[in-house]
Amino acid sequence: MTHLYCQRYFTITRENAIADFKTYKWIINLPWEFITSENYPKTIEVMNFVYFNLNGQLDIGVSCHASFNYDSPENDQMICFSTYGNMTPKHFNINKNITRIEIWFKDYKGKSIFPVGLWDEYFILELNLHY
Numbered sequence: 001m002t003h004l005y006c007q008r009y010f011t012i013t014r015e016n017a018i019a020d021f022k023t024y025k026w027i028i029n030l031p032w033e034f035i036t037s038e039n040y041p042k043t044i045e046v047m048n049f050v051y052f053n054l055n056g057q058l059d060i061g062v063s064c065h066a067s068f069n070y071d072s073p074e075n076d077q078m079i080c081f082s083t084y085g086n087m088t089p090k091h092f093n094i095n096k097n098i099t100r101i102e103i104w105f106k107d108y109k110g111k112s113i114f115p116v117g118l119w120d121e122y123f124i125l126e127l128n129l130h131y
């Protein structure tokens with residue numbers, strides 16, 4: 001039996017993420033099509049990540065971590081570092097049903113980063129969802 005896979009480009013910013021001030025994580029609800037798809041394994045492909053500091057400058061030393069990275073608990077579920085431009089895409093197979101993901105950021109020293117004010121920092125995480 002042949003499965004017909006779909007894909008969707010999904011950009012995450014602070015506008016479509018919910019800030020959790022207790023855990024210092026951002027919560028993102030996944031698109032309904034991805035959640036309800038019965039095709040497995042689903043794949044989340046990380047295409048690009050940029051992080052801007054208080055001054056609006058690109059901050060290169062920031063790492064992005066995500067709850068969907070089940071393969072590497074030893075490095076705190078890191079998925080990528082911030083870049084100036086495009087990066088080599090990274091693929092993560094999703095073998096269970098998830099409805100949302102959590103992402104969080106750390107500086108070059110490994111310290112968690114979370115905005116104090118409403119518009120202190122800004123991030124863009126570009127994903128390609130295969131389902």
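For the sequence shown, position 22 matches number 22 in the working numbering, and the numbering has no gaps at all.
In this text, a Cβ means the ideal position worked out from N, Cα and C, and glycines have one as well.
Item	Value
Counting Cβ pairs closer than 8 Å, one from the region 80-96 and one from the region 32-51, do we hit at least three?	yes
Below 8 Å CB to CB, which residues in the same chain sit around T23 once its five sequence neighbours on both sides are set aside?	E102, W104
Quick check on the burial criterion: 16 or more other C-beta atoms within 10 angstroms. Buried or exposed for Y70?	exposed
Rounded to a whole number of angstroms, what is the C-alpha to C-alpha distance between E126 and K109?	24 Å
What I want to know is whether the C-beta of T88 ends up closer than 6 Å to one or more non-hydrogen atoms of the ligand MN.	No copy of the ligand MN appears in this structure; indeed no ligand is present at all.
Determine the burial state of C6: buried for a count of at least 16 other Cβ atoms within 10 Å of its Cβ, exposed for fewer.	exposed
Quick one: which unbroken beta strand (DSSP E) runs of 3-plus residues sit fully inside the region 89-116? Chain order, please.	90-94, 100-106
Shortest alpha-carbon distance to M87 belongs to which of I60, K111, F21?	I60
Drop a sphere of 10 angstroms on the beta-carbon of K90, count the other beta-carbons inside from all chains shown, and report buried for 16 or more, exposed for fewer.	exposed
Quick one: using the 10 Å Cβ neighbour count with 16 as the cut-off for buried, is P31 buried or exposed?	exposed
Under 6 Å Cβ to Cβ from F10, same chain only, skipping five residues before and after it: list those, please.	L127, L129
How about I27 and I35: do their beta carbons lie closer than 7 Å?	no
Do you know how far the Cα of K25 is from the Cα of N16?	13 Å
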